[in-house]
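Here is the structure we will look at.
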Amino acid sequence: MGRLADKVAVVIGAGQSPGESIGNGRATALRFLEEGAFVLAVDRDIDSARETLKMSEQGASGEPFEADVRRVESLKQALDFAVSQWGRIDILHYNVGVSVGAGDGPLEVVTEDSFDVVMEVNLRGAVMAAKLVEPIMREQGSGVVLNVSSMSAIETSSQNVAYRASKAGMIAFTQQFALRNAEFGIRANAILPGRVETAMAVDTRARLTGASRDDIIAQRKTLIPLQGHVGTGWDVANAAVFLASEEAAFITGVSLPVDGGALVKIGW
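Structural data, given as C-alpha cells:
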C-alpha cells in the first residue's frame, strides 16, 4: 500500500452503470484511495460517485463531483475543483464510455445520432479532459494521464462501429499526447480492457438483449485464452495503479491490454 501516497487523482467515470459487477472506474477509484491517493470521484451521477467513496475505508480522502463529459465547461469545473481542494493534479484517469446503450452496433444499425453520442463521450471527452489538465501538469513538471480504451480498438471481430472507432482514436491521441508532453515529465498511457466482467459489459447487455447474465458471461469466457481467472474491473484498476505509480516512471505512450491474452490471437 502507499504506491500513490499523497498523489491527487481525478477519476472521470468513478461511478458506474447499475449491475452486480463492479465497473472499471469504480474499482480504479477504490484502488487509488487504497494506495494513498486523494481522489476526485467524477461522474454524471453524483450519487453513484458518492457510493464509490462510501465503499472505501479511505473514502474521507476523496470528494464526489458531478460532471458531464459532453460539456467542456463541466470538465473544467471538475479539474478546477481538484486544484482548489488539493493544489495539484497528479493523475487524470478517463474511464467513461458508451456503446450499445447509446444505440451503437454494426454499420447497418448505427445512426448519425448514435455515432455522435459515442464519439462525444468516449473520445472527445478524453481529448478535452487532457487538454484542460495539460497546462496544470506542465506547470508542475509532472503528471500521468490514463485513458481507458478497449481491446475492441484492435480486435478485428468487433462489430460496434462507433465504439471501435472511438477507442482506436483514443489510442492514437494518447500516443500523440505522450510525445507532446514527454519533455515536461508528463506520461500518458492507454489501458485496453478485454472481456472483463463489468456492469456495462454484462448487466447492460443483459438488459438490452434479454439474455441472462450467466449466458453472456459464459459466451465471453469462451473467447478468452487465459483460463482459471475471471477478468473483472479490479484487473483494470490494478493496471491503472501500476501505470500511475513510480514503478512505471519510464513508461509512456503504451497501450496495455488487460484481456487474458485475447489480442495475442489476432491473425490466427
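Residue numbers 34 to 301, in the working numbering, belong to the letters of the sequence shown in order.
Glycine residues also receive a C-beta, built at the ideal position from the N, C-alpha and C atoms.
Contact check for V263 against V291 fails: the beta carbons are separated by 8 Å or more. Taking C-alpha positions only, A111 is separated from V43 by approximately 8 Å.
In this structure, A195 sits away from V142, with a CB-CB distance that is not shorter than 8 Å. Taking the Cα of Q118 as reference, the smallest distance to any Cα among L73, I55, L276, K254 is reached at L73. Beta-bridge annotation (DSSP): F98 is paired with V75. With respect to the C-alpha of A273, the residue from R103, G95, M88, L125 having the closest C-alpha is L125.
Around the C-beta of P258, fewer than 16 other C-beta atoms lie within 10 Å, and the residue is accordingly described as exposed. Around M161, the same chain offers V105, L108 as residues with beta carbons nearer than 7 Å, after the five sequence neighbours per side are excluded. In the three-state scheme derived from DSSP, where H, G and I count as helix and E and B as strand, G202 is classed as helix. In this structure, N155 sits near S199, with a CB-CB distance shorter than 8 Å. Assigned with DSSP and collapsed to three states, R121 falls in coil, not helix or strand. For the pair of segments examined, the stretch 204-215 was found not to touch the stretch 72-86: the number of CB pairs separated by less than 8 Å stays below three.
Looking at the DSSP output, H262 bridges to nothing.
Taking a C-beta distance under 8 Å as the contact criterion, N222 and G286 qualify as a contact pair. With contacts defined by Cβ atoms closer than 8 Å, R77 and D101 form a contacting pair. Around the beta carbon of E188, a 10 Å sphere encloses 16 or more other beta carbons of the protein chains shown; the residue is thus reported as buried.
DSSP places R253 inside the alpha helix (DSSP H), whose first and last residues are 246-254. Taking each of P168, K87, S245 in turn and checking the Cα distance to E53, the smallest one comes out for S245. When secondary structure is reduced to three states using DSSP, V181 falls in the strand class. For R64, the uninterrupted alpha helix (DSSP H) run begins and ends at 57-67, by DSSP.
With a minimum length of 3 residues, the unbroken runs of beta strand (DSSP E) contained wholly in the stretch 121-156 fall at 124-127.
About 13 Å separates the beta carbon of V181 from that of N271, a gap too long to meet the 8 Å contact definition. The continuous beta strand (DSSP E) containing L289 extends over residues 288-291. For the set L37, A281, S94, K87, the Cα lying nearest the Cα of G218 is the one of A281. With distances taken between CA atoms, K164 lies nearest to V178 out of V178, G174, Q173, E153. For the 8 Å CB-CB criterion, I122 and V166 form a contact. Taking 8 Å as the cut-off, the Cβ atoms of R213 and G158 do not count as close. For R104, no alpha helix (DSSP H) encloses it, and the DSSP letter there is neither H nor E.
In this structure, the straight-line span from the alpha carbon of E230 to that of P168 is close to 36 Å.
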